[in-house]
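According to the working numbering, the sequence shown is numbered sequentially starting from 708. Cβ atoms here follow ideal geometry from the backbone N, Cα and C, with glycine treated the same way. Some notes on the structure that comes next.
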Amino acid sequence: MELVRVTEAAALSSARWMGRGKKNEADDAATTAMRKVFDTVPMRGTVVIGEGEMDEAPMLYIGEKLGTGYGPRVDVAVDPLEGTNIVASGGWNALSVIAVADHGCLLHAPDMYMNKIAVGPEAVGQIDINAPVIDNLKAVAKAKNKDIEDVVAIVLNRPRHEKLIAEIREAGARIKLISDGDVAAAINTAFDFTGVDILFGIGGAPEGVLAAVALKCLGGEIQGKLMPQNEEEIERCKKMGLDVNKTLYMDDLVKGDDAIFAATGVTDGELLRGVQFKGAYGSTHSL
């Protein structure tokens with residue numbers, strides 16, 4: 708419950724900026740609130756993957772120490788506000804998200820792009836990020852006892868995904884395009900009522916690790932491949948002992964089963980309601 712208090716604080720602070728067109732202010736509010744509450748949690752935490760670097764305060768940077776300094780030694784993956792643009796525009800599915808696991812159990816990687824494929828429990832073991840899109844769609848359709856025309860893929864609406872989107876449509880499947888928020892999108896694959904069967908595409912590596920912890924808790928699956936954009940990112944990966952050509956499976960992203968995921972809705976979504984303010988009080992919805 709202490710970790711949920713961390714995401715609740717971040718959600719409550721950032722939600723005040725909902726629809727006001729100021730994504731940086733919303734992000735700063737979430738980060739400041741999250742850091743403050745983290746300081747009360749009895750643990751020796753280290754951010755191993757996140758959206759900030761050491762020279763980018765006030766972001767929670769990779770290598771930052773969190774917690775009271777007493778208690779279990781743990782790895783932390785964090786996104787104080789997943790969906791800054793969503794909050795700024797008053798859209799759907801903005802979350803405050805953290806994942807915690809025993810020391811050495813979360814992927815330690817730079818803030819960079821990652822190609823991902825994710826599914827819920829029914830299709831575990833049926834996907835392959837290195838296989839053609841149509842093969843993965845057919846595998847998910849078979850696993851879920853659907854026609855391929857009834858399979859819904861969720862994809863970030865980005866120019867880099869034009870070819871991917873065309874391949875999904877050519878295969879006969881349907882697509883739900885989203886502006887931001889691929890942690891929520893990956894989680895949605897684990898719940899039938901969301902209407903989403905599979906996630907494809909390139910997003911942030913921190914979001915990939917966060918989604919991996921969530922899906923491990925929910926019985927789903929995600930695979931990833933790091934996508935360095937320049938020589939500097941390749942060198943940073945090498946310094947961290949990472950092979951940029953390696954396919955990252957669940958146990959590469961989060962080892963073992965002793966991990967905790969917490970998320971609080973900032974704006975309304977399929978899974979979580981957003982923060983509701985009533986005078987001086989606010990109500991939250993978390994998992």
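| Asked | Found |
| --- | --- |
| Through-space distance from V973 to I967, alpha-carbon basis | 20 Å |
| Proximity of A897 and G926 at Cβ, strictly below 9 Å | yes |
| Given 8 Å, three or more beta-carbon pairs between the segment 818–837 and the segment 772–791 | no |
| Integer-rounded CB distance, given that A918 should sit under 8 Å from I894 | 7 Å |
| V826 - DSSP class collapsed to helix/strand/coil | strand |
| Simplified DSSP assignment, three categories, for S721 | helix |
| Short Cβ contact (9 Å threshold) for G931 with I805 | no |
| Exposed unless 16 or more other CB atoms sit within 10 angstroms - verdict on K953 | exposed |
| Length of the line joining the Cα atoms of A970 and K870 | 32 Å |
| Cβ-based burial, G915 [other Cβ within 10 Å; buried from 16] | buried |
| Local conformation of P787 per DSSP, three classes | strand |
| Under the three-state DSSP convention, the category E928 falls into | strand |
| Whole beta strand (DSSP E) elements within the segment 825–907, 3-residue minimum | 859–863, 881–885 |
| N-terminal and C-terminal residue of the alpha helix (DSSP H) that R742 is part of | 730–745 |
| C-beta atoms of I929 and K823 nearer than 9 Å | yes |
| Residues bridged to D809 [DSSP beta-bridge criterion] | V781 |
| Contact belief for E856 with A880 at Cβ below 8 Å, rounded distance in angstroms | 7 Å |
| Residue(s) in a DSSP beta bridge with K953 | The partner list for K953 (beta bridge, DSSP) is empty, contrary to what the question assumes. |
| Which of helix, strand or coil DSSP assigns to V916 | helix |
| Beta-carbon spacing of V847, A830 below 9 Å | yes |
| Beta-bridge pairing of L802 - partner residues as DSSP gives them | E789, G972 |
| Closest Cα partner of E977 within the set D965, S993, K985 | S993 |
| Option in E874, V744, K729, S886 with minimal Cα separation from A795 | K729 |
| Close-in-space but distant-in-sequence residues of the same chain around P749 (CB under 6 Å, 5 per side omitted) | T775, Y777, G778 |
| Of the listed residues E709, P828, M725, nearest to F984 (C-alpha basis) | M725 |
| Distance CB(L719)-CB(T991) smaller than 9 Å | yes |
| Own chain, CB closer than 8 Å to N910, minus 5 neighbours either side, in chain order | The amino acid occupying residue 910 in the given sequence is Gly; Asn does not appear at that position. Excluding sequence neighbours, G910 sits near Y820, M821, K823, L863, D889. |
| Where the alpha helix (DSSP H) through K946 begins and ends | 938–946 |
| CB of V781 within 9 Å of CB of V744, strictly | no |
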